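What follows is a set of notes on a single structure, which appears directly below.
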Amino acid sequence: MNHIVEPQTSKSIPHLPLAKPNPSRAKRLAKTKGMSREQWLQVRKQGIGSSDAAAACGLNPHMSMLELWMIKTGRMQTQPDQPTQNSYSPLYWGNQLEPLIAN
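Each residue of the sequence shown is one higher than the last, beginning at 82 in our numbering.
See the structure below:
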């Protein structure tokens with residue numbers, strides 16, 4: 082099992098102040114509504130979103146914390162951007178149904 086460790090600080094990384102916790106609202110870092118898929122994927126690579134949260138905590142059985150770090154820092158390629166064109170694939174149906182669910 083993955084263990085959470087305290088990050089070591091470095092002089093090259095500036096210390097950023099933490100935001101006050103607000104349990105009633107998530108902080109949106111980018112407006113993605115008008116972005117193309119390619120733009121959205123580039124923004125998604127810059128941070129940890131809800132899809133990455135379980136891996137960041139060591140709770141994702143399909144991705145380790147190390148894999149997530151390697152992907153986010155560009156040391157490892159992610160899975161292909163386009164889902165498999167297999168109609169049995171959950172990725173395929175997720176992409177097909179996303180606009181319907183969003184409306």
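Here a beta-carbon is modelled for each residue, glycine too, at the ideal position from N, C-alpha and C. All figures in this text were calculated on a predicted structure; none of them were measured in a lab.
- Message: Is it the case that the segment 134-148 contacts the segment 110-125, given that we only count it when at least three CB pairs across the two stretches are under 8 Å?
- Response: Using a Cβ-Cβ distance cut-off of 8 Å, the segment 110-125 and the segment 134-148 are not in contact, since fewer than three pairs of beta carbons, one from each stretch, lie closer than that value.
- Rounded to a whole number of angstroms, what is the C-alpha to C-alpha distance between Q23 and I182? The requested residue 23 is not part of the displayed model; the chain covers only 82 to 184.
- Item | Boundaries of the alpha helix (DSSP H) in which M157 is found, first to last residue | Taken as a continuous stretch (DSSP letters only), M157 belongs to no alpha helix (DSSP H), as it is neither H nor E.
- Is A111 helix, strand or coil when you go by DSSP? In the three-state scheme derived from DSSP, where H, G and I count as helix and E and B as strand, A111 is classed as coil.
- Near M157, which residues of its chain fall below 7 Å by C-beta distance, leaving aside the five closest residues on each side in sequence? The residues are E148, M151.
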